[in-house]
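Notes follow once the structure below has been shown.
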Amino acid sequence: MTATPDAASSGQAAAPPLPAPAERRRIVWEIWILLGLSLGRAAVYAVVNIVGRLTDSTPLAEQTATLNASQSPRPYLDLTYQLLSIGFALVPVALAVYLLAQRRDAPPVSRAIGLDWHLRRRPGTEAALQHSLPDHRRRRDVAWGVALAAAIGIPGLAFWAVGRLLGITVSVQASALDQHWWTVPVLVLSAFQNSALEEVIVVAYLFERTRDLGWGRVRPAWWFIATSALLRGSYHLYQGIGPFFGNVVMGVLFAWWYTSRWGRHRVMPLVVAHLLLDVVAFVGYALAPAEWLDALHIT
Numbered sequence: 001m002t003a004t005p006d007a008a009s010s011g012q013a014a015a016p017p018l019p020a021p022a023e024r025r026r027i028v029w030e031i032w033i034l035l036g037l038s039l040g041r042a043a044v045y046a047v048v049n050i051v052g053r054l055t056d057s058t059p060l061a062e063q064t065a066t067l068n069a070s071q072s073p074r075p076y077l078d079l080t081y082q083l084l085s086i087g088f089a090l091v092p093v094a095l096a097v098y099l100l101a102q103r104r105d106a107p108p109v110s111r112a113i114g115l116d117w118h119l120r121r122r123p124g125t126e127a128a129l130q131h132s133l134p135d136h137r138r139r140r141d142v143a144w145g146v147a148l149a150a151a152i153g154i155p156g157l158a159f160w161a162v163g164r165l166l167g168i169t170v171s172v173q174a175s176a177l178d179q180h181w182w183t184v185p186v187l188v189l190s191a192f193q194n195s196a197l198e199e200v201i202v203v204a205y206l207f208e209r210t211r212d213l214g215w216g217r218v219r220p221a222w223w224f225i226a227t228s229a230l231l232r233g234s235y236h237l238y239q240g241i242g243p244f245f246g247n248v249v250m251g252v253l254f255a256w257w258y259t260s261r262w263g264r265h266r267v268m269p270l271v272v273a274h275l276l277l278d279v280v281a282f283v284g285y286a287l288a289p290a291e292w293l294d295a296l297h298i299t
């Protein structure tokens, strides 16, 4: 039977055979190298950062973490630095997709992880239709993204508030950019950078490569879910203990959903959800009146 477009884009291909020992070693090295270039590196720095914060004479609750800081007092030089920083931060995402695309006997990477919004229906052969993405799939991805953002957004605020009350979360300044015409677009691009980097690498890439190693066949899927969630929490430690646990919960939900019958190994809903969360945090912070921030005890 010929596969339908939905089946072809669902990422539900059969798992490849277990690799030989030499191939396993190569995959393990590949994972560590990619993480060392991206979020694994960030996790190490975050661990050192939280140790420094906890051993500082200033209480954790009185310390501040600044996101999206200005890099130059000259507006257009600052804009250049911001765009370069975002662009180079996306290079590991391209590398992860490239490495997944090089796997032998694996489905196309756009199908394997649902990174396929660029595929369009065009009149033509049956094969072309099989590799296109129906419009309803994009709408479904967006709908799931909104639902996931809502599901994690409110508990995330609760974790942050409780952490602040307990003194285990630093005050987070979501945007320290000066007000320019490009401030909001740059904050949206920064949110996209975070969402693509984290969801493609920590969920989609890590799932595919650990499955290539045999996880999910010789180990339950929870091994992957726990690994992904702990990694996500670790590189947020610079914000304090509260955000660590909040992001672990987010990591469990996102990794579980990705492997579930609802997620179908599609990463785009996770990118949409993360993008919405960060846009609300970054842009909302930048545009919120100072009186509101003071009322919420936000620096």
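For the sequence shown, the numbering used here gives the first residue as 1, with consecutive numbering after it. Just so it is clear, CB atoms sit at the ideal spot from N, CA and C, and this is done for glycine as well.
Candidates the options: closest to residue i by CA position
i, options, result
"residue 152", "280, 285, 284, 19", "280"
"residue 102", "209, 236, 270, 275", "209"
"residue 97", "61, 50, 77, 207", "207"
"residue 83", "184, 141, 118", "184"
"residue 194", "34, 93, 41", "93"
"residue 254", "233, 237, 104, 239", "233"
"residue 178", "145, 283, 156", "283"
"residue 259", "246, 276, 215, 245", "215"
"residue 162", "42, 244, 57", "244"
"residue 140", "273, 70, 91, 32", "273"
"residue 31", "227, 278, 275", "227"
Spatial neighbours of residue i in its chain, beta-carbon cut-off 7 Å, leaving aside the 5 residues before and after
i, result
"residue 182", "79"
"residue 86", "189, 190, 193"
"residue 24", "213"
"residue 110", "116, 119"
"residue 155", "249"
"residue 221", "259"
"residue 246", "156, 159, 160"
"residue 55", "none"
"residue 145", "269, 272, 273, 276"
"residue 42", "235"
Proximal residues to residue i (C-beta, below 6 Å), its chain only, five neighbours per side dropped
i, result
"residue 241", "168"
"residue 137", "none"
"residue 263", "257"
"residue 204", "113, 267"
Within 8 Å, strictly: CB atoms of residue i and residue j
i, j, result
"residue 252", "residue 114", "no"
"residue 95", "residue 235", "no"
"residue 49", "residue 238", "yes"
"residue 248", "residue 230", "yes"
"residue 271", "residue 149", "no"
"residue 175", "residue 165", "no"
"residue 73", "residue 180", "no"
"residue 265", "residue 112", "yes"
Coarse secondary structure for residue i, derived from DSSP in three states
i, result
"residue 128", "The predicted position of residue 128 is uncertain, since its pLDDT is 47 and thus under 50; a value taken from the coordinates is nonetheless stated next. Residue 128: helix per DSSP, three-state reduction."
"residue 240", "strand"
"residue 300", "No answer is possible for residue 300: the residues shown for the chain start at 1 and end at 299."
"residue 262", "coil"
"residue 215", "strand"
"residue 169", "strand"
"residue 106", "coil"
"residue 183", "helix"
"residue 65", "strand"
"residue 80", "helix"
Below-8 Å beta-carbon distance, residue i vs any chain B residue
i, result
"residue 61", "Structure shown: chain B not included; a single protein chain is present."
Same chain, Cβ closer than 8 Å to residue i, neighbours up to 5 away in sequence not counted
i, result
"residue 287", "184"
"residue 224", "206, 207, 210, 211, 215, 216, 255, 259"
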